[in-house]
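Chains as they are written, first to last, in this note's numbering: chain A, 1 to 249; chain B, 1001 to 1249. Report on the structure given below.
2 protein chains.
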Amino acid sequence: MSNENAVLTTPRTKPGGLIKSAEKLVASYPRVPITVDCVIFGFDENELKVLLIRSDLEIFKGQWSLLGDFAADNEELDDAAYRVLCERTGMTDVYLEQVRTFSKPGRHPGGRVLTVAYCSLLNIEQHKLGKMDNELHWHTVKNIKEMAFDHKEIMDFSYNWLQKRIMEHPLGFNLLPEKFSLRELQNLYEAILDVKLDRRNFRKKFFSMDFLIDTGEYEDDVPHRPGRLYQFNFEKYEQNKRRWTGIDF
Amino acid sequence: MSNENAVLTTPRTKPGGLIKSAEKLVASYPRVPITVDCVIFGFDENELKVLLIRSDLEIFKGQWSLLGDFAADNEELDDAAYRVLCERTGMTDVYLEQVRTFSKPGRHPGGRVLTVAYCSLLNIEQHKLGKMDNELHWHTVKNIKEMAFDHKEIMDFSYNWLQKRIMEHPLGFNLLPEKFSLRELQNLYEAILDVKLDRRNFRKKFFSMDFLIDTGEYEDDVPHRPGRLYQFNFEKYEQNKRRWTGIDF
DNA sequence: TTATTATTGTGTTATTTTTACACGATTGCT
DNA sequence: AGCAATCGTGTAAAAATAACACAATAATAA
């Protein structure tokens, strides 16, 4: 199976010639509207939540959509996503990571629009919904049935991404208060991964990693014996994180 | 730390009003040129290679760049990447996956251009360079020092992505001929992961997964005792792939 | 104050997985 | 015939994971 018959269907330069003006080249490219969409996760009442806004398009009336905006002129997409996040949640210092670009033609009723999806994890307690934000609402991820645009697909992809990511990177702590009990941490993992975990083994696992700082403090708002509160030691993690995990598929 | 003072800086609709025309909305968005860039990996002489082309921009004279093209009107990006791949390699049925979008302002000398990076893995034997393709060349990944645009950054990111991905998904087989010896497979993993592996444990590992089909055939072009040839059982893999791998970071 | 309820905190054993390690068999080459 | 290179194989020690139960503590209700 060789490629004897292969043909370059778009030779882009005359043989030997070099393109002098990069500007002219770029000017000849088609242009596309770009948006960013943030999948903002929170954790409350032992459920994984996502922050959605009521769609402002007539065609999607009554449906919910991710928080997004178009990318401004010359704006890096990471910055655009962060901007959306700050504008909508009033929070800064929030975890944010690019997940994937979605480009299916027809994904936007107004014509071709590319969107770059970002995942964000924040502590839902710190995000008091503004009084004026009655268009914003935290939804339980597993209950969401339909959304505007292709946002359900983006959500599903992002949730999947989160499940994988949380097993190999300590993202989850961003969903909890700075100080948390091990029960809260376990609830978080169980909710995201949708599994039941053995409590003793879970504790053993996290203690043996040795990235938890014992604050010496205890929960004080629970109707039973309070648990110890811990913090995650991000600095230590950065210095000691695993390098090689075996082949396994 | 509440957000009492948070302000929505870009209220996008008049309160209560719904946008009737999605087209008009989209028409108001800034537009950006989009390209796709393919990081095409191959494996030869026990080294991981990448297919590069001499840059056709005067400003990058003598430098190498990834294979890319702009996204045509209304073209899905996956299709655009696949198109680039087919045009440049003359091959079809090639493994291709989106990796990341790069948007740093200034990444292209001709002005703002977004690019979506794709990784592709193919069997280098099947890609005989066309006679006219003296602008194309397979480079050893670890020897590459600089590239045109931000392509070195894209390469590094993609190589990193590959190292992680190959440990949890059977991509690697796309780099080998359909039938391969275990030595070849091990060389591949060693080259990509840049580690030395124990031969007996490596074999045990792969046999215990039970996704290799023994063809009953043997190598016939080696100057020593020939090894058995195997194929990867993709169907069986798809049915049996792992679900849960423990928390580990 | 006492009993009840809910959850915390803790250790051991069995099982599985991973690692480390060496030698006789086979083929091509000279 | 002998050399060089690699193939193919098994076992034992070490590490990681999984399964499993009970006493201690605090809040609440009687």
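All C-beta atoms, glycine included, are put in the ideal place defined by N, C-alpha and C.
Let me make sure I understand the geometry here. Which of the options has the alpha-carbon closest to that of residue i?
i	options	result
residue 237 of chain A	A:246, A:206 and A:224	A:206
residue 192 of chain A	A:172, A:101, A:27 and A:133	A:172
residue 27 of chain A	B:1103, B:1070, B:1029 and B:1168	B:1070
residue 88 of chain A	A:224, A:67, A:159 and A:222	A:67
residue 1116 of chain B	B:1099, B:1126, B:1124 and B:1239	B:1099
residue 221 of chain A	A:180, A:196 and A:208	A:180
residue 1125 of chain B	B:1160, B:1228 and B:1174	B:1174
residue 152 of chain A	A:23, A:50, A:226 and A:42	A:50
residue 216 of chain A	A:228, A:224, A:149 and A:210	A:228
residue 1076 of chain B	A:138, A:107, A:209 and A:208	A:107
residue 226 of chain A	A:243, A:145, A:240 and A:182	A:182
residue 1144 of chain B	B:1209, B:1063 and B:1200	B:1063
residue 1162 of chain B	B:1048, B:1022, B:1208 and B:1023	B:1048
residue 1178 of chain B	B:1203, B:1139, B:1097 and B:1231	B:1231
residue 1054 of chain B	B:1186, B:1137 and B:1025	B:1137
residue 111 of chain A	B:1023, B:1129, B:1139 and B:1148	B:1023
residue 1078 of chain B	B:1135, B:1018, B:1097 and B:1147	B:1097
residue 1040 of chain B	B:1029, B:1211 and B:1139	B:1139
residue 1194 of chain B	B:1074, B:1105 and B:1167	B:1167
residue 1210 of chain B	B:1184, B:1190, B:1239 and B:1157	B:1239
residue 25 of chain A	B:1113, B:1133, B:1134 and B:1241	B:1113
residue 133 of chain A	A:29, A:157, A:52 and A:204	A:52
Let's test the definition: count the other Cβ atoms within 10 Å of the Cβ of residue i and tell me whether it reaches 16, buried, or not, exposed.
i	result
residue 1234 of chain B	exposed
residue 1012 of chain B	Interpretation of residue 1012 of chain B is limited by its pLDDT of 49, a score under 50 that renders its predicted location unreliable; no figure is taken from the coordinates.
residue 72 of chain A	exposed
residue 45 of chain A	exposed
residue 245 of chain A	exposed
residue 4 of chain A	Here residue 4 of chain A scores only 40 on pLDDT, less than 50, and its place in the model is too uncertain to base an answer on.
residue 142 of chain A	exposed
residue 1248 of chain B	exposed
residue 1123 of chain B	buried
residue 1056 of chain B	buried
residue 20 of chain A	exposed
residue 1101 of chain B	buried
residue 58 of chain A	exposed
residue 35 of chain A	buried
residue 169 of chain A	exposed
residue 65 of chain A	buried
residue 165 of chain A	buried
residue 1042 of chain B	buried
residue 1218 of chain B	exposed
residue 213 of chain A	exposed
residue 103 of chain A	buried
Would you mind telling me which residues of chain B sit closer than 8 angstroms to residue i, beta carbon to beta carbon, in chain order?
i	result
residue 244 of chain A	1193 and 1195
residue 167 of chain A	1245, 1246, 1247, 1248 and 1249
Could you check how far apart the C-beta atoms of residue i and residue j are, in whole angstroms? I think they sit under 8 angstroms.
i	j	result
residue 1085 of chain B	residue 1119 of chain B	Incorrect: roughly 11 angstroms between the Cβ atoms, too far for contact.
residue 33 of chain A	residue 1031 of chain B	5 angstroms
residue 1188 of chain B	residue 1176 of chain B	6 angstroms
residue 1091 of chain B	residue 1127 of chain B	6 angstroms
residue 121 of chain A	residue 95 of chain A	5 angstroms
residue 186 of chain A	residue 200 of chain A	With a Cβ gap of about 11 angstroms, residue 186 of chain A and residue 200 of chain A do not count as contacting.
residue 148 of chain A	residue 202 of chain A	Rounded, the Cβ-Cβ distance is 38 angstroms, inconsistent with contact.
residue 1109 of chain B	residue 74 of chain A	14 angstroms between Cβ atoms; not a contact.
Any heavy atom of the ligand HEM closer than 7 angstroms to the CB of residue i?
i	result
residue 86 of chain A	What this structure holds is no ligand at all, so the ligand HEM is not there to describe.
Which residues of chain B have a Cβ atom closer than 7 angstroms to the Cβ of residue i, listed in chain order?
i	result
residue 241 of chain A	1249
residue 104 of chain A	1076
residue 34 of chain A	1032 and 1114
residue 213 of chain A	Simply none; closest approach about 17 angstroms.
residue 19 of chain A	1056, 1057 and 1058
residue 101 of chain A	1077, 1098, 1101 and 1116
residue 205 of chain A	1247
Using a cut-off of 9 angstroms between C-beta atoms, extract the partners of residue i located in chain A.
i	result
residue 1220 of chain B	Neighbours of residue 1220 of chain B on chain A: none; closest Cβ ~19 angstroms, over 9 angstroms.
residue 1155 of chain B	By Cβ distance, chain A contributes nothing, its closest Cβ being about 18 angstroms from residue 1155 of chain B, past 9 angstroms.
residue 1082 of chain B	Ordered by position in chain A, no residue passes the 9 angstroms Cβ test against residue 1082 of chain B, which lies about 13 angstroms from the chain.
Please list the partners that residue i has in chain B, where partner means a Cβ-to-Cβ separation under 9 angstroms.
i	result
residue 109 of chain A	1022, 1023 and 1026
residue 137 of chain A	Residues of chain B passing the Cβ test: none, with the nearest at roughly 15 angstroms.
For residue i, go through chain A and note every residue whose CB falls closer than 8 angstroms to its CB, in chain order.
i	result
residue 1059 of chain B	22
Interface residues of chain A around residue i at Cβ under 7 angstroms?
i	result
residue 1073 of chain B	30
residue 1070 of chain B	29 and 30
**Request:** Could I get the ranges of all uninterrupted beta strand (DSSP E) runs contained in the segment 1065 to 1100 of chain B, with 3 residues as the minimum, in chain order?
**Result:** Those beta strand (DSSP E) runs which fall completely within the segment 1065 to 1100 of chain B and span 3+ residues are 1067 to 1070.
**Prompt:** Which ranges does the alpha helix (DSSP H) cover as unbroken runs of at least 4 residues, wholly within the segment 1143 to 1216 of chain B, from first to last along the chain?
**Reply:** 1151 to 1168, 1182 to 1193 and 1199 to 1209
**Message:** For a minimum of 3 consecutive residues, which ranges assigned as the beta strand (DSSP E) are wholly contained in the segment 10 to 51 of chain A?
**Reply:** Runs of the beta strand (DSSP E) inside the segment 10 to 51 of chain A: 31 to 44.
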